[in-house]
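Visitor: Just passing along the structure, written as structure tokens.
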Amino acid sequence: MTAAKTRLAVVEDEAVQRRLMTEALREAGHDVTGFESAEALLAVGESAAFDVVLTDLRLPGMSGVELLRRLREIDPELQALVITAYATIETAVEAIKAGAYGYLRKPIDLEELLVLVRRAGGNRRLLAENRVLKEQLKERYSLKGVIGSSSRMQEVLSLVYRAAPSVATVLITGESGTGKELIARALHLQSPRAPGPFVTVNCAALPETLLEAELFGHEKGAFTGASSARIGRFEAADGGTLFLDEVGEIPVSIQVKLLRFLQERTVERLGSNTLLRLDARLVAATNRDLGLLMRAGLFREDLYWRLNVVTIALPPLRERREDLSPLVAHFLSRHAEANGKSIGGFSREFFTALHQYDFPGNVRELENIVEHAVVMARGGILTVEDLPPYVRPVATPGIESEGRLRDVLESVERGMIERALADTGSVQTKAAQRLGISERMLRYKITKYGLKELRPAAPTGEESSRAPLPS
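Mapping to the working numbering: the sequence shown position 267 is 252, numbers consecutive.
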């Protein structure tokens, strides 16, 4: 189907009228087939697929309304236009109920016919495009899109399969970057709520004053700046799934309202006394230990047990290294295509370096590393030289002399400094603490190894008054 050409079936028992419409539609560039009855159209079977069916309401034998019902059972996206000599409200309602896109009155106005056919054909294409898009999104976020053949990930996928069809609240735990939102989307798309909305809220990204209004909505004038009423994320997720990421960051004052929703399935907008009953499934995620927060008085115990109906714990990447190879291949393919590069794979040394790395940022960090390597790649495969410096293995040549020993130690030291700076975002105070040395000594080492490109922070406080670093 092209953007301009529509496949049409014209069902009209009056031969002259049928010929008039088919010729006009063909001249407009459409692919048209005429039928004298509903039975004649149905006899051709599903092999003759049409985008739009134009049918008279009153036909010998099966009526136009019954024909539409039969056709819509075969193809729900089929667009139908009905023709009637008795254009009353009753006939229009009857046609719309049968699934008609629109109707025309006899005698036919050919210009009106062409306009309606063009619109109906466009609507058919829009429905087809939306269906394809939904299928692509479902493929991306369904369980098929979750990469993991390790035993740990198979346990996770088994839990998702079993929990998805239920209405139970799910708590997803795991370190940052392990893919908690991906699992939440998979839960939604494997559930009966898949046609409904999937609404996400990052609870750590909003201050308390904004988070409450964002979750529950507000009425006009509820607070300064509330110039109009606004629905909250709970209302937006009605009939679907609400995903609360970083749920451990929700202030205790708001946790009470969240608990009410889980107990009663109702919410109340700010500035309103009306309770809204909603049907939204709650999926929450956290990278913090809610048990510790609960014992510290920062998380309500009753809310904890309401959230913790089904728990899915995502393992860190370092505990499922069997998944490294398919994950690297997946990210390589994605970013090579995005950057217009032809890269056929990666070297053994490249993969060995990744296998020896601990990935504090988990799968998210792995994707960033592979993207970096793809951008830096100069050949048809990724090599260890394409990795970020902090991921490359530290060379350990044979110790043959005092000079060689010094080289090895300096190489190790340089690598540790690069890694500490990378892990702390070049914040020297934190990097020095991690390395167990003073900040002044760290600045000296940065200068010694020529790491000025990391742009160390300017010295502050007492350190700034001391002698300058040796060059």
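Ideal Cβ placement from N, Cα and C applies to all residues, glycine included.
(1) I'd like the span of the beta strand (DSSP E) that includes Val(-4), first residue to last.
(2) Would you decide whether Lys165 is buried or exposed? Buried here means 16 or more other CB atoms lie within 10 Å of its CB.
(3) For the segment 365 to 374 and the segment 313 to 330, state whether three or more C-beta atom pairs, one from each stretch, are separated by less than 8 Å.
(4) Let me check understanding here. Comparing Cα to Cα, which of Gln2, Arg319 and Ile157 lies closest to Ala465?
(5) By how many angstroms is the C-alpha of Val67 removed from the C-alpha of Thr40?
(6) Have a look at Gly276 and Ser411 and give me their C-alpha separation to the nearest angstrom.
(7) How should Tyr146 be labelled, buried or exposed, when 16 other C-beta atoms within 10 angstroms of its C-beta is the threshold for buried?
(8) Scan the segment 126 to 172 and note each continuous alpha helix (DSSP H) run of 4 residues or more that stays entirely inside, going in chain order.
(9) I need the straight-line Cα distance from Asp274 to Leu302, nearest angstrom please.
(10) Spatial neighbours of Thr185 within its chain, please: C-beta separation below 6 Å, excluding the five flanking residues on both sides.
(11) Going by beta-carbon coordinates alone, are Glu253 and Leu244 separated by less than 8 Å?
(12) Give a yes or no on whether the C-beta atoms belonging to Val152 and Leu172 are separated by under 8 Å.
(13) Are there three or more Cβ pairs, one per stretch, closer than 8 Å when the segment 8 to 19 is compared with the segment 48 to 59?
(14) Just checking, does the segment 260 to 272 make contact with the segment 90 to 100 on the three C-beta pairs under 8 Å criterion?
(15) In whole angstroms, what is the alpha-carbon distance linking Arg306 and Gln341?
(16) For the putative contact between Glu193 and Ser257, defined by C-beta atoms under 8 Å, what is the C-beta separation to the nearest angstrom?
(17) Using the Cα positions of Tyr429 and Leu196, report the straight-line distance between them to the nearest angstrom.
(18) Over what stretch of residues does the alpha helix (DSSP H) that includes Tyr289 continue unbroken?
(19) Grab me the residues of Leu99's own chain with a C-beta within less than 6 Å of its C-beta, minus the 5 sequence neighbours each way, in chain order.
(20) With respect to the alpha helix (DSSP H) encompassing Gln418, which residues constitute its N-terminal and C-terminal limits?
(21) Which two residues bound the contiguous alpha helix (DSSP H) that contains Ile239?
(22) Does the separation of the CB atoms of Ser135 and Asp308 fall below 8 Å?
(23) Can you list, in chain order, the residues of its chain with a C-beta nearer than 6 Å to that of Asp230? Leave out the 5 residues immediately preceding and following it.
(24) Could you tell me which residues DSSP puts in a beta bridge with Ile366?
(25) Is it true that the CB of Glu199 sits closer than 8 Å to the CB of Gly210?
(26) Check the DSSP bridge columns for Phe228 and list the partner residues they point to.
(27) If the criterion is Cβ atoms closer than 8 Å, does the pair Arg262 and Gly224 meet it?
(28) CA-CA distance, Ile132 and Gly106?
(29) In the structure shown, what three-state DSSP assignment does Tyr86 receive?
(30) Excluding five sequence neighbours on each side, which residues of the same chain lie with their C-beta closer than 8 Å to the C-beta of Ser310?
(31) Do Glu399 and Tyr434 have their CB atoms nearer than 8 Å?
(32) For Leu63, I'd like the list of residues in its chain whose CB is within less than 8 Å of its CB, leaving aside the five on either flank, ordered along the chain.
(33) Which residues does DSSP pair with Asp274 in a beta bridge?
(34) Taking Arg377 as the reference, which of Gly46, Arg349, Ala148 and Arg333 has the closest Cα?
(35) Between which residues of its own chain and Phe457 is the CB-CB distance below 7 Å, once the five residues before and five after are set aside?
(36) Quick check: Thr414 and Ala298, are their CB atoms within less than 8 Å of each other?
Guide: Considering the structure as presented:
(1) Your numbering for residue -4 matches position 11 in the sequence shown. Arg(-8) to Val(-4) is the extent of the beta strand (DSSP E) around Val(-4).
(2) Working through the sequence shown from its first residue, we reach residue 165 at position 180. Buried: at least 16 other Cβ atoms inside 10 Å.
(3) yes
(4) Nothing in the structure corresponds to residue 465, since the chain is present only between -14 and 456.
(5) Position 55 of the sequence shown, counted from the start, is the residue given in the question as residue 40. Position 82 of the sequence shown, counted from the start, is the residue given in the question as residue 67. Taking the straight line joining both Cα atoms gives about 5 Å.
(6) Indexing the sequence shown from 1 puts residue 276 at position 291. Indexing the sequence shown from 1 puts residue 411 at position 426. Each residue's alpha carbon lies about 32 Å from the other.
(7) Reading the sequence shown from its first residue, position 161 is the one you call residue 146. Exposed, because fewer than 16 other Cβ atoms sit within 10 Å of the Cβ of Tyr146.
(8) 136 to 148
(9) Position 289 of the sequence shown, counted from the first residue, corresponds to residue 274. Position 317 of the sequence shown, counted from the first residue, corresponds to residue 302. Going from the Cα of Asp274 to the Cα of Leu302 covers about 19 Å.
(10) Within the sequence shown, residue 185 is the residue found at index 200, counting from 1. If we look at Thr185 and ignore the five residues flanking it on each side, its Cβ neighbours are Phe228.
(11) Locating residue 253 in the sequence shown gives position 268, counting from the first residue. Locating residue 244 in the sequence shown gives position 259, counting from the first residue. In this structure, Leu244 does not lie closer than 8 Å to Glu253 by Cβ.
(12) For this step, residue 152 is matched to residue 167 along the sequence shown. For this step, residue 172 is matched to residue 187 along the sequence shown. No, Cβ-Cβ distance for Val152 and Leu172 is not below 8 Å.
(13) no
(14) no
(15) Sequence index remark: in the sequence shown, residue 306 carries index 321 (1-based). Sequence index remark: in the sequence shown, residue 341 carries index 356 (1-based). Those two C-alpha atoms are separated by around 10 Å.
(16) Within the sequence shown, residue 193 is the residue found at index 208, counting from 1. Within the sequence shown, residue 257 is the residue found at index 272, counting from 1. With 8 Å as the limit, Glu193 and Ser257 do not qualify as a contact, their Cβ atoms being about 19 Å apart.
(17) The count along the sequence shown starts at 1 and reaches residue 429 at position 444. The count along the sequence shown starts at 1 and reaches residue 196 at position 211. In a straight line, the C-alpha of Tyr429 is about 45 Å away from that of Leu196.
(18) The residue labelled residue 289 in the question sits at position 304 within the sequence shown. Run containing Tyr289: Glu286 to Leu292, per the alpha helix (DSSP H) assignment.
(19) One-based indexing of the sequence shown puts residue 99 at position 114. So the list reads Ala13, once near-sequence residues are dropped.
(20) Here residue 418 refers to the residue found at position 433 when the sequence shown is read from its first residue. Gln418 -> alpha helix (DSSP H) spans Gln413 to Leu420.
(21) Counted from its first residue, the sequence shown places residue 239 at position 254. Run containing Ile239: Val237 to Glu249, per the alpha helix (DSSP H) assignment.
(22) Taking the sequence shown and counting its residues from 1, one reaches residue 135 at position 150. Taking the sequence shown and counting its residues from 1, one reaches residue 308 at position 323. Yes. Within cutoff.
(23) As a working mapping, residue 230 is identified with position 245 in the sequence shown. Only Asn187 and Ala270 meet the Cβ criterion.
(24) What you label residue 366 is simply residue 381 of the sequence shown in a count that begins at 1. In DSSP, Ile366 forms a bridge with Gly330.
(25) Here residue 210 refers to the residue found at position 225 of the sequence shown. Here residue 199 refers to the residue found at position 214 of the sequence shown. Contact flag unset, no.
(26) On the sequence shown, position 243 is the one that residue 228 refers to. DSSP output for Phe228 lists Thr185 and Val268 as bridge partner(s).
(27) By 1-based counting over the sequence shown, the position of residue 262 is 277. By 1-based counting over the sequence shown, the position of residue 224 is 239. No, they are not a contact pair.
(28) Within the sequence shown, the letter at position 147 stands for residue 132. Within the sequence shown, the letter at position 121 stands for residue 106. Cα to Cα, the separation comes out at about 39 Å.
(29) Counting from 1 along the sequence shown, the entry for residue 86 is found at position 101. In the structure shown, Tyr86 sits in coil (DSSP, three-state: anything other than H, G, I, E or B).
(30) Along the sequence shown, one-based indexing puts residue 310 at 325. These residues qualify, in order along the chain: Phe336.
(31) By one-based count along the sequence shown, residue 399 stands at place 414. By one-based count along the sequence shown, residue 434 stands at place 449. Correcting the residue type first, residue 399 is Arg in the shown sequence and not Glu. Closer than 8 Å, so yes.
(32) Taking the sequence shown and counting its residues from 1, one reaches residue 63 at position 78. Counting only Cβ-Cβ distances below 8 Å, and skipping sequence neighbours, we find Phe35, Asp36, Val37, Val38, Leu56, Arg57, Gly84 and Arg109.
(33) In the sequence shown, counting from the first residue as 1, residue 274 sits at position 289. DSSP output for Asp274 lists no bridge partner at all.
(34) Position 392 of the sequence shown, counted from the first residue, corresponds to residue 377. The shortest Cα separation from Arg377 among Gly46, Arg349, Ala148 and Arg333 belongs to Arg333.
(35) The shown model of the chain, from -14 to 456, leaves out residue 457, and the question about it has no answer.
(36) In the sequence shown, the residue the question calls residue 414 occupies position 429. In the sequence shown, the residue the question calls residue 298 occupies position 313. Cβ atoms of Thr414 and Ala298: not closer than 8 Å.
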